[in-house]
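Note that numbering that gives the first Met the number 0 numbers the sequence shown so that position 72 is 71, with each residue one more than the last. Note that beta-carbon positions come from the ideal geometry of N, C-alpha and C, so glycine has one too. The block underneath contains the structure these notes are about, expressed in structure tokens.
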Amino acid sequence: MPDRLTARPPDRLIDDCLSTRNGHLFIEQCDTTELVSRFGSPLFVISEDQLRRNVRRFQAAFASGWPDGPVKVLPAAKANWIAAVQHILASDGCGCDVYSAGELTVALQAGFEPQYISVNGVPKDDEHIYRCVHEGVRITIDSVEEVDAIERAATALDRVATVRLRLKPALAGFVRHSEFVAEGLVPTDIAALAYKGGLAFDDAVAVGRRLLAMEHVELVGFHQHHGRHHRSLRYWEEQMRAFAAEIARVGEALGGYRPREIDIGGGFAIPRDPFNAVTNYTEPLQLAVLHTLSKGLRVVGRRGRYGVLRQLVDLFASKPNATPAPSIEDYARVCTETLRDALHRVGIATEGLLLELEPGRSIHGDAGIHLTTVRSIKRMTHPIRFNLVVVDSTEFWLTGGRYEHHLHDYVFANKTDAPLEDKADIIGRSCFGDRLMPLVRIPQVEVGDLLALLDTGAYQEVSTSNFNALPRPATALVTGDRAVIIRRAETETDVLCRDVLPEHLGGG
Ligand SMILES: Cc1ncc(COP(=O)(O)O)c(C=O)c1O
0 MPDRLTARPP DRLIDDCLST RNGHLFIEQC DTTELVSRFG SPLFVISEDQ
50 LRRNVRRFQA AFASGWPDGP VKVLPAAKAN WIAAVQHILA SDGCGCDVYS
100 AGELTVALQA GFEPQYISVN GVPKDDEHIY RCVHEGVRIT IDSVEEVDAI
150 ERAATALDRV ATVRLRLKPA LAGFVRHSEF VAEGLVPTDI AALAYKGGLA
200 FDDAVAVGRR LLAMEHVELV GFHQHHGRHH RSLRYWEEQM RAFAAEIARV
250 GEALGGYRPR EIDIGGGFAI PRDPFNAVTN YTEPLQLAVL HTLSKGLRVV
300 GRRGRYGVLR QLVDLFASKP NATPAPSIED YARVCTETLR DALHRVGIAT
350 EGLLLELEPG RSIHGDAGIH LTTVRSIKRM THPIRFNLVV VDSTEFWLTG
400 GRYEHHLHDY VFANKTDAPL EDKADIIGRS CFGDRLMPLV RIPQVEVGDL
450 LALLDTGAYQ EVSTSNFNAL PRPATALVTG DRAVIIRRAE TETDVLCRDV
500 LPEHLGGG
């Protein structure tokens, strides 16, 4: 039986699942400091209720904007494929977007209905394709090479394989810079074209013609996914227009083919949106100025130079994103209105048309937090003032966010009422620089304090690694006032168990 953790009324609601009470951070009705006392630090924590709230909001909002046909939400398993998490989503009536054979296994075990499992990915192995046909899931065709394998499997099994074509509409009307590319200001339409997903028009038509002639394969519709290049509603408007136009163009080339289902993919931002928040596009300029100044200041001598640099460093502080991203309801309204309108304009009726979507980060992101304990504090006062707060987590356990240049919002979980009166770099435990957060505001910290990084439910736990032979942390699931472990922490034996010592080196 899971323990019941203390429930107190909240002092302050941070969002639907987080609140503060008596100076402590709560996730649902659970005190985060008690979670760490029970399960250890660091710890990933997921809120079951928040997952269900997010799913239901997506389902309700898209259904209300799409009255002509059914709507199905297929959360992307890649964002968090822990078995318990997938069971929750299946029990809430979702479908599932999977990428790999492993994710398909998790999805089938969780009990999603096969026709609502969208199997994406390129390349797909023959064995994986055979299993997809056998299980009756939707195969989203994303390469010319997989077509023969699908036909072979369907013929061998004497089944009809149901497939969709993943299109790659050019987003010519959206040229604001892609936030996926942190290194420069690349226009979104170009960044989207350079991404591997989707079939170019000629390939889509050639594959489509072959599929329509096959006895054991049925083309049921179209798919697209560009991902989170930009969080604006304008970006989604452009995606929906471009998708509708490409559906019409490919349908026309296939002799008037009409889809029964369409899938718009994922890429909706989460409210606090940590995405790319550490990237400051004026940074090269700032650094150039700082570098030139720092070199120039050598003429005033060591004391003078550090005196100026000290003032400058004192000026800098990173801040998590303060402007919320559009809400689920806003995304749903813009997507459904634009898509219906654009499809009608190109003569495609929407009556009975199944609309699917594959949100990943926006289902999982704000359902998760990462708790990590302060283990060491290094305060430097000369020649410049600089604090390093070293915690027991590492960027290797927050890798998904590192790839996307996240700056997560954060709370000192045992000191939520303390004023943020100092500044520090938050540093991880690996031997790398491991700068988890550069120059952020902090309260007066002590060893043993608990830092909570918010919005870590998507892509983080599932991309952890064992750098420095560190065993990976556990994940706890919170349901109201109950908490249980749903992925245990690794042991040193787990970390070392794959190694094989050959005989000539003394192995058996
Ligand atoms: C095909 C597909 N669908 C959905 C998603 C989920 O995207 P997000 O987490 O940005 O919503 C991805 C992510 O890469 C994807 O490749």
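Q | N- and C-terminal bounds of the beta strand (DSSP E) containing residue 340 | A | The residue labelled residue 340 in the question sits at position 341 within the sequence shown. Per DSSP, residue 340 belongs to no beta strand (DSSP E); it is in the alpha helix (DSSP H), 327-344.
Q: Identify, in the order they occur along the chain, each residue of the same chain with its Cβ nearer than 7 Å to the Cβ of residue 1, setting aside the five sequence neighbours on each side.
A: Walking along the sequence shown from the start, residue 1 turns up at place 2. Its pLDDT being 39, under 50, residue 1 is placed unreliably in this model, and the value from its coordinates should be taken loosely. Excluding sequence neighbours, residue 1 sits near 481, 482, 483.
Q.
Applying the 10 Å Cβ sphere with the 16-neighbour rule, what's the burial state of residue 4?
A. For the purposes of this step, residue 4 is taken as residue 5 along the sequence shown, with counting starting at 1. Bear in mind that a pLDDT of 41 at residue 4, under 50, signals an unreliable position, so the number given afterwards is only what the model happens to contain. It is buried - the Cβ of residue 4 has at least 16 other Cβ atoms within 10 Å.
Q.
Less than 7 Å separating the Cβ of residue 224 from some heavy atom of ligand 1?
A. Here residue 224 refers to the residue found at position 225 when the sequence shown is read from its first residue. Because some heavy atom of ligand 1 lies under 7 Å away, the Cβ of residue 224 counts as near it: yes.
**Q.** residue 119: CB within 7 Å of a non-hydrogen atom of ligand 1
**A.** Counted from its first residue, the sequence shown places residue 119 at position 120. Within the chosen limit of 7 Å, ligand 1 reaches the beta carbon of residue 119 through at least one heavy atom.
Q: Give the straight-line distance between the Cα atoms of residue 140 and residue 163, rounded to the nearest whole angstrom.
A: Locating residue 140 in the sequence shown gives position 141, where the first residue counts as 1. Locating residue 163 in the sequence shown gives position 164, where the first residue counts as 1. Roughly 6 Å separates the two Cα atoms.
Q | Beta-carbon separation (whole angstroms), residue 427 vs residue 392, contact threshold 8 Å | A | Within the sequence shown, the letter at position 428 stands for residue 427. Within the sequence shown, the letter at position 393 stands for residue 392. For a cut-off of 8 Å, the C-beta gap from residue 427 to residue 392 is around 6 Å, short enough to register as a contact.
Q. Is it true that the stretch 29-49 meets the stretch 455-470, where meeting means three or more beta-carbon pairs spaced less than 8 Å apart?
A. In short, these stretches touch, since the Cβ pair count reaches three.
Q. Is residue 343 buried or exposed, if buried means 16 or more other CB atoms sit within 10 Å of its CB?
A. As a position in the sequence shown, residue 343 is number 344, starting the count at 1. Taking every protein chain shown into account, the CB of residue 343 has fewer than 16 other CB atoms within 10 angstroms, so this residue is exposed.
**Q.** First through last residue of the alpha helix (DSSP H) which encompasses residue 250
**A.** For the purposes of this step, residue 250 is identified with residue 251 of the sequence shown, where counting begins at 1. Residues 232-252.
**Q.** Residue burial classification, residue 313 (beta-carbon count within 10 angstroms, cutoff 16)
**A.** Here residue 313 refers to the residue found at position 314 of the sequence shown. By the Cβ-count criterion, residue 313 is exposed, with fewer than 16 other Cβ atoms from all chains shown falling within 10 Å of its own Cβ.
Q: Go to residue 95, then tell me how far its alpha helix (DSSP H) extends in each direction, as first and last residue.
A: Indexing the sequence shown from 1 puts residue 95 at position 96. Premise fails: residue 95 lies in the beta strand (DSSP E), 95-97, not in any alpha helix (DSSP H).
Q. Are the CB atoms of residue 96 and residue 117 nearer to each other than 8 Å?
A. Here residue 96 refers to the residue found at position 97 when the sequence shown is read from its first residue. Here residue 117 refers to the residue found at position 118 when the sequence shown is read from its first residue. Residue 96 places its beta carbon less than 8 Å from that of residue 117.
Q. Among the residues of its own chain, which have a CB less than 7 Å from the CB of residue 433, if the five just before and after it don't count?
A. Looking up residue 433 in the sequence shown gives position 434. Closer than 7 Å at the Cβ level, and outside the excluded window around residue 433, lie 393, 394, 426, 427.
**Q.** Nearest candidate by alpha-carbon position, reference residue 486, set 474, 497, 495, 493
**A.** As a working note, residue 486 is residue 487 in the sequence shown. Considering only alpha carbons, the answer is 474.
Q | Through-space distance from residue 390 to residue 68, alpha-carbon basis | A | Within the sequence shown, numbered from 1, the residue matching residue 68 stands at position 69. Within the sequence shown, numbered from 1, the residue matching residue 390 stands at position 391. A direct Cα-Cα distance of roughly 50 Å separates residue 68 from residue 390.
Q: Determine, using beta carbons only, whether residue 247 and residue 347 come nearer to each other than 8 Å.
A: Reading the sequence shown from its first residue, position 248 is the one you call residue 247. Reading the sequence shown from its first residue, position 348 is the one you call residue 347. Yes.
Q) Any chance the CB of residue 227 is under 7 Å from a heavy atom of ligand 1? A) Translated into the one-based positions of the sequence shown, residue 227 becomes position 228. Yes.
Q. Cα separation between residue 403 and residue 310?
A. Here residue 403 refers to the residue found at position 404 of the sequence shown. Here residue 310 refers to the residue found at position 311 of the sequence shown. For the pair residue 403 and residue 310, the Cα-to-Cα distance works out to about 31 Å.
Q. Nearest CA to the CA of residue 167: which residue from 221, 329, 155, 323?
A. By one-based count along the sequence shown, residue 167 stands at place 168. The option with the nearest alpha carbon to residue 167 is 221.
Q.
If you follow the beta strand (DSSP E) that residue 266 is in, where does it begin and where does it stop?
A. Counting from 1 along the sequence shown, the entry for residue 266 is found at position 267. For residue 266, there is no enclosing beta strand (DSSP E), as DSSP marks it with neither H nor E.
Q: Consult DSSP for residue 294 and reduce its assignment to one of helix, strand or coil.
A: Taking the first residue of the sequence shown as position 1, residue 294 is located at position 295. Here residue 294 carries a helix assignment [DSSP, helix/strand/coil].
Q. Hey, how far is the Cα of residue 54 from the Cα of residue 9?
A. Reading the sequence shown from its first residue, position 55 is the one you call residue 54. Reading the sequence shown from its first residue, position 10 is the one you call residue 9. C-alpha separation (whole angstroms): 25 Å.
Q | Nearest to residue 178 (by Cα), restricted to the options 226, 132, 371 | A | Start at 1 with the first residue of the sequence shown, and residue 178 comes out as number 179. It is 226 whose Cα lies nearest to the Cα of residue 178.
Q: Could you say if the stretch 376-383 and the stretch 81-97 meet the contact criterion of at least three C-beta pairs nearer than 8 Å?
A: No: fewer than three Cβ pairs fall under 8 Å.
Q | Cβ-based burial, residue 21 [other Cβ within 10 Å; buried from 16] | A | Position 22 of the sequence shown, counting from 1, holds the residue named residue 21. Exposed, because fewer than 16 other Cβ atoms sit within 10 Å of the Cβ of residue 21.
Q. First and last residue of the beta strand (DSSP E) that includes residue 386?
A. Your numbering for residue 386 matches position 387 in the sequence shown. Taken as a continuous stretch (DSSP letters only), the beta strand (DSSP E) holding residue 386 covers 385-390.
Q | Where residue 38 sits in the DSSP three-state scheme | A | Along the sequence shown, one-based indexing puts residue 38 at 39. In the structure shown, residue 38 sits in a helix (DSSP, three-state: H, G or I).
Q. Where do the ends of the alpha helix (DSSP H) carrying residue 62 lie?
A. Taking the first residue of the sequence shown as position 1, residue 62 is located at position 63. First-last of the alpha helix (DSSP H) with residue 62: 47-64.
Q: State yes or no: is the C-beta of residue 566 within less than 8 Å of the C-beta of residue 261?
A: Only positions 0 to 507 of the chain appear in the structure, and residue 566 is not among them; the question remains open.
(Q) Give the list of continuous alpha helix (DSSP H) stretches no shorter than 4 residues that lie fully inside the stretch 135-213. (A) Those alpha helix (DSSP H) runs which fall completely within the stretch 135-213 and span 4+ residues are 145-156, 187-193, 200-211.
(Q) Does the distance between the C-beta of residue 109 and the nearest non-hydrogen atom of ligand 1 fall short of 7 Å? (A) Here residue 109 is taken as the residue at index 110 of the sequence shown, counted from 1. Proximity of the beta carbon of residue 109 to ligand 1 is not indicated: no heavy atom of the ligand is located closer than 7 Å.
Q. DSSP beta-bridge partners for residue 220?
A. In the sequence shown, counting from the first residue as 1, residue 220 sits at position 221. The bridge partners DSSP lists for residue 220 are 163, 260.
Q | Those residues which DSSP pairs with residue 43 across a bridge | A | Within the sequence shown, numbered from 1, the residue matching residue 43 stands at position 44. Per DSSP, 369, 474.
(Q) Suppose the cutoff is 8 Å on Cβ atoms and the five residues either side in sequence are ignored; what does the same chain contact list for residue 372 look like? (A) Walking along the sequence shown from the start, residue 372 turns up at place 373. 35, 40, 41, 390, 391, 447, 448, 449, 450, listed in sequence order.
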